[in-house]
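Trainee: As given, the protein sequences belong to chains A and B, one line each in that order. Each residue of the first sequence is one higher than the last, beginning at 19 in the working numbering. Each residue of the second sequence is one higher than the last, beginning at 21 in the working numbering. C-beta atoms are modelled at their ideal positions from N, C-alpha and C, and glycine is treated no differently. What you are looking at is a predicted structure, and each value in this text was computed from that prediction instead of being measured.
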Amino acid sequence: MNALSGFTLIRRWLRNLVPVTTTFLFVLVGQLPLPLPTLSDVAPAFALISLYYWAVFRPDLMPYAAVFGLGIVQDAVAGAPFGMYALVYLLVQALVLNQRRFIAGKPFWVFWSAFALVAPIATFAAWILASLARGTFLAPETTLVALVMTIILFPVVAWLLVHAQRRFIGMVEA
Amino acid sequence: MAKRNARVSVAGLAVPVRVWAQRFAFLGFVALSFALMLLSKAESSGIERMRLAIVDAVSPILFVLSQPVQAVGQAADSVENLFVVYEENRQLRDENARLVQWVQEARRLGVENATLRAQLEYVPDKRSQFVTARVVADTGGAFFHSLLINAGSRQFIRRGQAVIWQGGLIGRVAEVGERTSRVLLLTDINSRIPVVVESTGDRAIVRGDNSSRPVLQFLPGNSPISPGDRIVTSGHGGVYPPGLVVGAVAQASDTDITVQPFVDWSRLNQAVILDYGVDGILPAPEQVPVAPARRTLGTGQ
Chain A
19 MNALSGFTLI
29 RRWLRNLVPV
39 TTTFLFVLVG
49 QLPLPLPTLS
59 DVAPAFALIS
69 LYYWAVFRPD
79 LMPYAAVFGL
89 GIVQDAVAGA
99 PFGMYALVYL
109 LVQALVLNQR
119 RFIAGKPFWV
129 FWSAFALVAP
139 IATFAAWILA
149 SLARGTFLAP
159 ETTLVALVMT
169 IILFPVVAWL
179 LVHAQRRFIG
189 MVEA
Chain B
21 MAKRNARVSV
31 AGLAVPVRVW
41 AQRFAFLGFV
51 ALSFALMLLS
61 KAESSGIERM
71 RLAIVDAVSP
81 ILFVLSQPVQ
91 AVGQAADSVE
101 NLFVVYEENR
111 QLRDENARLV
121 QWVQEARRLG
131 VENATLRAQL
141 EYVPDKRSQF
151 VTARVVADTG
161 GAFFHSLLIN
171 AGSRQFIRRG
181 QAVIWQGGLI
191 GRVAEVGERT
201 SRVLLLTDIN
211 SRIPVVVEST
221 GDRAIVRGDN
231 SSRPVLQFLP
241 GNSPISPGDR
251 IVTSGHGGVY
261 PPGLVVGAVA
271 QASDTDITVQ
281 PFVDWSRLNQ
291 AVILDYGVDG
301 ILPAPEQVPV
311 APARRTLGTG
321 Q
């Protein structure tokens with residue numbers, strides 16, 4: 019009886035880690051070397067999609083501490099100034115939590131359109147912070163292409179996450 | 021009665037307390053992020069250690085994740101190769117015929133060079149040593165141009181070493197972790213490479229500007245330069261060894277000279293880290309313990 023409830027607890031605990039784990043993997047996937055020229059420069063921000071998805075559907079499983087940690091990992095791998103992506107992701111999380119009632123439970127196109135509003139804000143924040151850190155205004159062209167790629171590829175990543183959510187954790191409780 | 025009231029008010033307080041705690045957490049982490057960014061800007065060594073610890077920890081995961089991506093890339097390459105194999109074979113035969121002549125020439129020059137050096141008591145250049153590593157992350161993006169490679173201080177990688185691939189310069193080692201290092205690419209905005217124009221011997225600097233074609237700067241005003249001129253490292257400043265190919269002049273106008281790097285970024289899945297001992301901080305190579313993976317140039321390439 020005790021062993022069974024212990025097992026259930028561990029299982030629930032592991033399931034609750036799915037949002038953070040998937041976002042962590044997408045942080046790393048976004049940094050992989052791609053076998054096509056210049057594609058790395060315009061690689062979509064997979065982690066941003068994952069972060070947004072979980073902030074809408076399971077905000078209870080994506081606390082600010084985890085968002086901060088994911089941002090720090092991205093900073094470390096990307097060679098960005100420490101705290102830069104952490105700050106961007108915290109802003110995204112706060113923004114989505116604030117507007118969540120307009121997005122959750124609505125049709126997919128609302129979910130997608132809201133992302134098309136959040137993504138430029140995140141990109142702009144990252145661009146400003148990176149420019150400040152590097153002491154010069156960075157050329158925005160490739161950033162804009164990456165932004166468009168991110169918005170276009172949103173349904174693909176969201177589809178993967180929908181499956182992860184159905185398979186492992188179910189709908190929002192809180 | 022009093023007890024009951026207390027219970028009600030605690031339950032009523034729970035929600036606002038949670039909201040406040042969340043708000044506090046948000047503001048706390050935002051402040052922490054800002055503080056870290058400022059420390060980063062000041063190049064604090066603690067920050068660098070923390071960054072390297074994280075990179076070292078995630079690099080095995082990056083390595084595993086990069087396998088399928090590379091497999092797809094290789095599959096695409098093989099399909100592409102099927103279509104060009106006939107033409108490529110013809111080109112390679114032609115090239116081979118030319119190279120056979122060059123081998124004869126090189127042998128003759130080698131013997132002549134050795135004879136002349138013997139006559140002059142010439143002090144030879146230090147032989148370089150190298151380590152080959154896999155690229156585990158191409159951090160790309162428009163903001164920071166760097167790579168992570170899966171070799172670090174355990175493989176005797178040191179900060180400042182030049183990194184090449186297929187004969188062309190990629191950049192230099194900027195940070196060294198235990199088993200992972202960061203390579204600052206020559207296209208990054210922070211990259212400055214002292215170079216010479218091979219045909220004229222004029223010195224200049226190749227400055228990265230986060231675009232795919234860095235800029236050639238500080239070339240003497242009267243220097244004749246035209247597209248296609250090869251640009252090689254000059255060895256000045258002691259960071260890059262002399263004679264490494266950086267690229268060729270892509271465009272030359274009165275205001276702007278851009279350089280097309282020699283390296284093919286799309287096929288950059290490995291990198292060679294050179295140790296010419298140019299930094300002069302460590303003892304001579306023969307006193308440094310040699311790892312099994314290290315070979316001298318010429319025996320392995």
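Tell me the DSSP secondary structure of Gly191/B in three-state form.
Mentor: DSSP places Gly191/B in strand when its eight states are reduced to three.
Trainee: Going by C-alpha to C-alpha distance, which of Ala112/A, Leu178/A, Gly97/A sits closest to Tyr47/B?
Mentor: Before going on, a small fix: residue 47/B reads as Leu here, not Tyr. Of Ala112/A, Leu178/A, Gly97/A, the residue nearest in Cα terms is Ala112/A.
Trainee: Just to confirm, is the Cβ distance from Ser254/B to Thr220/B under 9 Å?
Mentor: No; because the gap between Cβ atoms is not below 9 Å, this pair is not in contact.
Trainee: Looking at the C-beta of Trp145/A, does it have a partner C-beta in chain B at a distance below 9 Å?
Mentor: True, the Cβ-Cβ gap to chain B drops below 9 Å.
Trainee: Identify the contact partners of Ser86/B in chain A, using a Cβ-Cβ distance below 7 Å as the criterion.
Mentor: Chain A residues near Ser86/B: Leu50, Pro51.
Trainee: Could you give the residue range of the beta strand (DSSP E) that holds Val143/B?
Mentor: Counting along the chain, Val143/B falls outside any beta strand (DSSP E), and DSSP gives it neither H nor E.
Trainee: Using the beta-carbon of each residue, which ones in chain A are nearer than 9 Å to Phe83/B?
Mentor: Here the premise fails: no neighbours, minimum Cβ distance about 10 Å.
Trainee: Note down, in chain order, every chain A residue with its Cβ under 8 Å from the Cβ of Phe103/B.
Mentor: Near Phe103/B there are no residues of chain A at all, since even the closest Cβ is about 17 Å away, more than 8 Å.
Trainee: Look at the alpha carbon of Lys61/B and the alpha carbon of Val279/B, and state the distance between them as a whole number of angstroms.
Mentor: Taking the straight line from one Cα to the other gives about 29 Å.
Trainee: Give the DSSP bridge partners of Ala291/B, in chain order.
Mentor: Per DSSP, Ala153/B.
Trainee: What residue does the alpha helix (DSSP H) around Val95/A start on, and which one ends it?
Mentor: Unbroken alpha helix (DSSP H) run through Val95/A: 82-96.
Trainee: What would DSSP say about Thr253/B, mapped onto helix, strand or coil?
Mentor: Of the three classes helix, strand and coil, the one that applies to Thr253/B here is strand, per DSSP.
Trainee: Name the chain A residues that come within less than 7 Å of Thr159/B, Cβ to Cβ?
Mentor: Those are Gln49, Val95, Ala96, Gly97, listed as they occur along chain A.
Trainee: With a threshold of 16 other CB atoms inside 10 Å of the CB of Leu168/B, please say whether the residue is buried or exposed.
Mentor: Leu168/B should be labelled buried.
Trainee: Anyone know if the C-beta pair for Ile90/A and Tyr70/A falls short of 9 Å?
Mentor: For Ile90/A and Tyr70/A, no; Cβs fall outside 9 Å.
Trainee: Helix, strand or coil: which one does DSSP assign to Ser201/B?
Mentor: Three-state result, Ser201/B: strand.
Trainee: Using only alpha-carbon positions, find the residue among Val136/A, Ser68/A, Val95/A, Lys124/A that is nearest to Arg69/B.
Mentor: Measuring from the Cα of Arg69/B, the nearest candidate turns out to be Val95/A.
Trainee: Based on Cα-Cα distance, which residue from Asp276/B, Asp249/B, His256/B, Gly257/B lies nearest to Gly267/B?
Mentor: The candidate whose alpha carbon is nearest that of Gly267/B is Asp249/B.
Trainee: CB Arg223/B to CB Ser211/B, shorter than 9 Å?
Mentor: Not closer than 9 Å, so no.
Trainee: List, in chain order, every chain A residue whose beta-carbon is nearer than 8 Å to that of Ala49/B.
Mentor: First, the residue type needs correcting, since residue 49/B is Phe and not Ala in the sequence shown. In chain order: Tyr82, Ala83, Val85, Phe86, Ala104, Leu108.
Trainee: How about Pro77/A and Val114/A: do their beta carbons lie closer than 9 Å?
Mentor: A contact, by the Cβ cut-off of 9 Å.
Trainee: How close, in whole Å, do the beta carbons of Thr168/A and Ala162/B come, if the pair is a contact with beta carbons under 8 Å?
Mentor: That belief does not hold up - the Cβ atoms of Thr168/A and Ala162/B are roughly 13 Å apart, past 8 Å.
Trainee: Between which two residues does the alpha helix (DSSP H) harbouring Thr39/A extend?
Mentor: 36-47 is the extent of the alpha helix (DSSP H) around Thr39/A.
Trainee: I'd like to know if the segment 79-95 of chain B and the segment 144-157 of chain A are in contact, where contact means that at least 3 CB-CB pairs between them fall below 8 Å.
Mentor: The answer is no - the segment 144-157 of chain A does not touch the segment 79-95 of chain B, with fewer than three Cβ pairs under 8 Å.
Trainee: Helix, strand or coil, according to DSSP, for Pro214/B in the structure here?
Mentor: Pro214/B: strand per DSSP, three-state reduction.
Trainee: Residues in the segment 247-273 of chain B with C-beta within 7 Å of chain A's C-beta atoms, listed in sequence order?
Mentor: Those residues of the segment 247-273 of chain B that come within reach of chain A (Cβ to Cβ, closer than 7 Å) do not exist; the list is empty.
Trainee: Do you know whose CA, among Leu50/A, Val74/A, Leu35/A, lies nearest Pro88/B's CA?
Mentor: Of the candidates Leu50/A, Val74/A, Leu35/A, the one whose C-alpha sits nearest the C-alpha of Pro88/B is Leu50/A.
Trainee: Between the segment 183-202 of chain B and the segment 229-237 of chain B, do at least 3 Cβ pairs fall closer than 8 Å?
Mentor: Touching, no, given that fewer than three Cβ pairs across the two stretches are closer than 8 Å.
Trainee: Does any residue of chain A bring its CB to less than 9 Å from the CB of Asn170/B?
Mentor: It does not; no Cβ of chain A falls within 9 Å.
Trainee: Can you confirm whether the segment 174-187 of chain B touches the segment 283-295 of chain B when touching is taken to mean that 3 or more C-beta pairs between the two stretches lie within less than 8 Å?
Mentor: At 8 Å Cβ cutoff, the stretches touch.
Trainee: Going by the CB atoms, is the gap between Gly197/B and Leu72/B shorter than 9 Å?
Mentor: Yes, the Cβ-Cβ distance between Leu72/B and Gly197/B is below 9 Å.
Trainee: So which residues on chain A does Ile74/B lean against when the C-beta distance must stay under 9 Å?
Mentor: Those within 9 Å of Ile74/B in chain A are Ile90, Val91, Asp93, Ala94, Val95.
Trainee: Please identify the residue among Arg38/B, Val252/B, Tyr260/B whose C-alpha is closest to the C-alpha of Arg178/B.
Mentor: Per the Cα distances, Tyr260/B.
Trainee: When burial is assigned at 16 or more other CB atoms within 10 Å of the CB, is His165/B buried or exposed?
Mentor: It counts as buried.
Trainee: Taking 9 Å as the CB-CB limit, is Pro37/A close to chain B?
Mentor: Not one chain B Cβ lies under 9 Å of Pro37/A.
Trainee: List the DSSP bridge partners of Thr160/A.
Mentor: None, per the DSSP bridge assignment.
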